[in-house]
Amino acid sequence: MKRPNREEIITLVVTMDLFVDLPATQKGSHMSRNIEIAEEIVEQSITKPITDLESLCAKIAKKLLEKHQYATRAEVKAYADYFLERINPSGVKALEPYKLIAESRANDKGGLKKLIGVQVIGMTTCPCAMEITKKLGEYNKSLPSPTHNQRNISTLLIEVPEDCQDIDADDLIEIVESSLSSPTYSLLKRKDEGKIVLDAHKKPKFVEDVVRDMLQAVLKKYKHLPDNVIVIARSESEESIHKHNAFAERITTLGELRK
Numbered sequence: 384m385k386r387p388n389r390e391e392i393i394t395l396v397v398t399m400d401l402f403v404d405l406p407a408t409q410k411g412s413h414m415s416r417n418i419e420i421a422e423e424i425v426e427q428s429i430t431k432p433i434t435d436l437e438s439l440c441a442k443i444a445k446k447l448l449e450k451h452q453y454a455t456r457a458e459v460k461a462y463a464d465y466f467l468e469r470i471n472p473s474g475v476k477a478l479e480p481y482k483l484i485a486e487s488r489a490n491d492k493g494g495l496k497k498l499i500g501v502q503v504i505g506m507t508t509c510p511c512a513m514e515i516t517k518k519l520g521e522y523n524k525s526l527p528s529p530t531h532n533q534r535n536i537s538t539l540l541i542e543v544p545e546d547c548q549d550i551d552a553d554d555l556i557e558i559v560e561s562s563l564s565s566p567t568y569s570l571l572k573r574k575d576e577g578k579i580v581l582d583a584h585k586k587p588k589f590v591e592d593v594v595r596d597m598l599q600a601v602l603k604k605y606k607h608l609p610d611n612v613i614v615i616a617r618s619e620s621e622e623s624i625h626k627h628n629a630f631a632e633r634i635t636t637l638g639e640l641r642k
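Its first residue numbered 384, the sequence shown is counted upward by one per residue in my numbering.
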């Protein structure tokens, strides 16, 4: 993959789901055609790299309708491991893992939708338990009151016009990470761990807060996109003191958010 604004070529290992619908007269799908299409397009990308994962999905979705002439709709989903260089609290550089998500839906009327998204693992701290510990008063009042930590997995997806290439996954990762209580890192020394926990306690978040902050940041970042663009924001915190997780999601449009 080679983005228009970058020099380097990024190699991705991608998992894909390919779907076509079947009419009542068709007993089954010719699944070998799906493999042929994917292999053909991937081979082409060796000499002419694709610009983004969502465009790859759109290209395959169109081809599916050409090959499966009985189908009226095709859908392609792609997931890829992705790495970005990050600097931990001690100033050490390391590659941190993220997930890229792309989707495309095409129909035989020429309609096409595509979405770009990311999944980010980070950390939230619970505001509710923090308020309770404040009332107990048994803590050092020069520091944030204690609360329990949560491993958070948040996802942000944005629908993009077919010819749009100005939404970068790196920007979406920044939006999601900044909406959490704190980023997390693969490599940390003890001093780093303490700083991350302290910083996260200064920024307690419910999963609903994470979703709200992601949507607010999307509105600010993508003012040029039209009102009908769909945005999907979801956040799940893996609870440490409960046996259930906390989950929040909003599926909306930029127009609704602007109102």
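Glycine residues also receive a C-beta, built at the ideal position from the N, C-alpha and C atoms. Everything numeric in this text was worked out from a predicted model, so none of it was measured.
- Scanning its chain for C-beta atoms nearer than 7 Å, with the 5 sequence neighbours on each side dropped, one finds around Arg416 the residues Lys450, His451, in chain order.
- Residue pairing from DSSP places Phe466 in a beta bridge opposite Pro480.
- Between Ile624 and Asn532, the alpha-carbon positions lie close to 9 Å from each other.
- Within the stretch 510-576, the complete alpha helix (DSSP H) segments at least 4 residues long are 510-519, 552-562, listed from N- to C-terminus.
- According to the DSSP assignment, Thr430 belongs to the alpha helix (DSSP H) that extends over 414-430.
- Counted as a single uninterrupted DSSP element, the beta strand (DSSP E) harbouring Val614 occupies residues 613-621.
- Around Pro527, the same chain offers His584, Lys585 as residues with beta carbons nearer than 6 Å, after the five sequence neighbours per side are excluded.
- Contact annotation: the stretch 574-583 touches the stretch 461-479, with at least three C-beta pairs closer than 8 Å.
- DSSP lists Asn535, Pro566 as the beta-bridge partner residues of Gly505.
- Taking 7 Å as the cut-off, the Cβ atoms of Val559 and Ala463 do not count as close.
- Secondary structure at Ala600: helix, using DSSP grouped into helix, strand and coil.
- Between Ile536 and Glu479, the C-beta spacing is not below 7 Å.
- Here Ala489 is near Lys445, since their CB atoms are less than 7 Å apart.
- Cα atoms of Ala454 and Phe466: separation of roughly 37 Å, rounded to the nearest angstrom.
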